[in-house]
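Each residue of the sequence shown is one higher than the one before, counting from 19 in my numbering.
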Amino acid sequence: MAMSSLAVLIVAPMPPPVGGMALQAEALFKRLQQDGIAVELIATNPVLSRATANIRGVRTLTQGVLFVCNLIRALRRNRVVHLLGASHWYFVLRVVPTLVLGKLFRRQVILNYRGGEAPGFFAQWAVFAVPIVRLADVITVPSSYLFRVFERYSLNPTIIGNFVDLERFRFRQRDRLEPRLLVTRTLEPLYNIKMAIKAFAIVQKKYPCAHLDVVGGGSEESNLKAWVRRQGWTGIDFHGAVPNQEIFGFLDRADILLNPTNADNLPMNLLEAFAAGVPVVTTNVGGIRDLVGQDEAALTVNPDDAASMAVRIEQLLSEPQTVVRITQEAKSRSERFTWDKIGRSWIALYQTVNK
Numbered sequence: 019m020a021m022s023s024l025a026v027l028i029v030a031p032m033p034p035p036v037g038g039m040a041l042q043a044e045a046l047f048k049r050l051q052q053d054g055i056a057v058e059l060i061a062t063n064p065v066l067s068r069a070t071a072n073i074r075g076v077r078t079l080t081q082g083v084l085f086v087c088n089l090i091r092a093l094r095r096n097r098v099v100h101l102l103g104a105s106h107w108y109f110v111l112r113v114v115p116t117l118v119l120g121k122l123f124r125r126q127v128i129l130n131y132r133g134g135e136a137p138g139f140f141a142q143w144a145v146f147a148v149p150i151v152r153l154a155d156v157i158t159v160p161s162s163y164l165f166r167v168f169e170r171y172s173l174n175p176t177i178i179g180n181f182v183d184l185e186r187f188r189f190r191q192r193d194r195l196e197p198r199l200l201v202t203r204t205l206e207p208l209y210n211i212k213m214a215i216k217a218f219a220i221v222q223k224k225y226p227c228a229h230l231d232v233v234g235g236g237s238e239e240s241n242l243k244a245w246v247r248r249q250g251w252t253g254i255d256f257h258g259a260v261p262n263q264e265i266f267g268f269l270d271r272a273d274i275l276l277n278p279t280n281a282d283n284l285p286m287n288l289l290e291a292f293a294a295g296v297p298v299v300t301t302n303v304g305g306i307r308d309l310v311g312q313d314e315a316a317l318t319v320n321p322d323d324a325a326s327m328a329v330r331i332e333q334l335l336s337e338p339q340t341v342v343r344i345t346q347e348a349k350s351r352s353e354r355f356t357w358d359k360i361g362r363s364w365i366a367l368y369q370t371v372n373k
């Protein structure tokens with residue numbers, strides 16, 4: 019099948035806000051364009067006027083109607099639909115209409131399901147969700163973790179991982195670290211940023227010069243800032259949401275990345291840290307176990323255990339041999355997620371469903 023016959027529609031959220039799914043979709047769109055594939059992207063979160071965006075009920079309704087109208091127009095122009103899917107309200111409001119309309123228009127729909135909350139969502143809503151998911155012509159997931167979740171419901175997914183632009187990151191081998199800590203996550207309850215801040219406060223008692231940069235925006239930002247002020251903690255800078263191209267600068271200046279999430283699948287912030295040579299302390303939830311192994315590519319702790327995270331941070335600060343070991347392994351694992359490897363899989367899948 020010639021590349022010129024491919025016409026691919028990507029359906030996914032777009033920044034802002036800056037989230038892993040949006041960034042992956044944006045990068046996928048750009049890479050496919052560079053490879054000469056006719057590709058169109060429609061946002062599941064279309065931009066609204068400021069007046070409409072500030073009225074919650076009106077915002078949801080207007081955005082939904084606008085999304086469906088954009089989707090119908092785009093389905094007329096494209097044979098292959100690549101839908102980035104997730105759980106909860108996003109599933110109801112974006113995945114369901116895309117799969118249903120895709121069938122009505124007789125398009126080939128690839129459901130690329132993502133997110134660490136899938137087990138709980140399917141456990142509660144399988145009767146509704148599984149028949150909807152079966153409308154997809156192909157189901158893909160980015161990790162073995164989600165593969166096992168979908169297998170429980172006989173959904174037979176294919177694994178195609180996230181990809182990371184390694185050329186954007188310069189690997190710098192660290193051994194003897196300074197207590198320069200970094201968090202790069204959306205500031206939402208799911209990601210439990212408080213845990214990382216509490217761990218930092220414990221470490222700062224032993225290392226008074228310790229510093230923490232919190233990079234990301236979200237609904238918890240003002241609450242977290244106020245909480246830090248009430249605690250009287252210093253050495254913590256909140257940078258808000260930043261363009262993704264600025265993330266490397268933060269990684270290059272940091273010596274340890276903290277990932278305190280309560281649920282996750284294949285987080286991009288870990289792959290980026292791996293590519294930059296930044297050692298990671300992360301919770302061992304969801305697909306993270308498959309990605310990092312048993313303290314092989316990162317040091318792991320149980321969720322919501324700030325004391326253990328602090329111990330792991332201090333371990334990295336005092337054990338240069340551990341830093342070298344895990345960052346070398348992390349670098350090797352990040353190389354599994356290059357565009358040369360992942361992009362080849364996507365293009366082959368598009369060609370297969372387009373026959």
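Glycine included, each C-beta is placed from N, C-alpha and C at the ideal position.
DSSP places Q369 in the helix class (H, G or I) of the three-state scheme. Annotation for G38: P285, M286 place their beta carbon closer than 7 Å to its own, counting only its chain and skipping 5 residues before and after. Here I331 carries a helix assignment [DSSP, helix/strand/coil]. Within the region 88-161, the complete alpha helix (DSSP H) runs of at least 4 residues fall at 114-122, 136-151.
Listed in chain order, the non-local C-beta contacts of P175 below 8 Å within the same chain comprise Y131, I157, T158, V159, L164, F165, F168, E169, local neighbours out to five positions each way being set aside.
When the beta-carbon positions are compared, P321 and V310 stay at least 8 Å from each other. Fully enclosed alpha helix (DSSP H) runs of no fewer than 4 residues occupy 239-249, 265-271 of the region 228-276, in order along the chain. The C-alpha of I274 lies about 42 Å from the C-alpha of L89. Contact annotation, R95 with A25: C-beta distance approximately 7 Å; criterion of less than 8 Å satisfied. Under the three-state reduction of DSSP, E58 is assigned to strand.
For R198, the enclosing beta strand (DSSP E) starts and ends at 198-202. When secondary structure is reduced to three states using DSSP, I73 falls in the coil class, being assigned neither helix nor strand. Here the C-alpha atom of P226 lies approximately 27 Å from the C-alpha atom of T204. The beta carbon of V148 sits closer than 8 Å to the beta carbons of F140, Y171, L173 from its chain, once the five residues preceding and following it are set aside; these are given in chain order. Under DSSP, L317 shares a beta bridge with V299. Under DSSP, L27 takes part in a beta bridge, and its partners are E58, V99.
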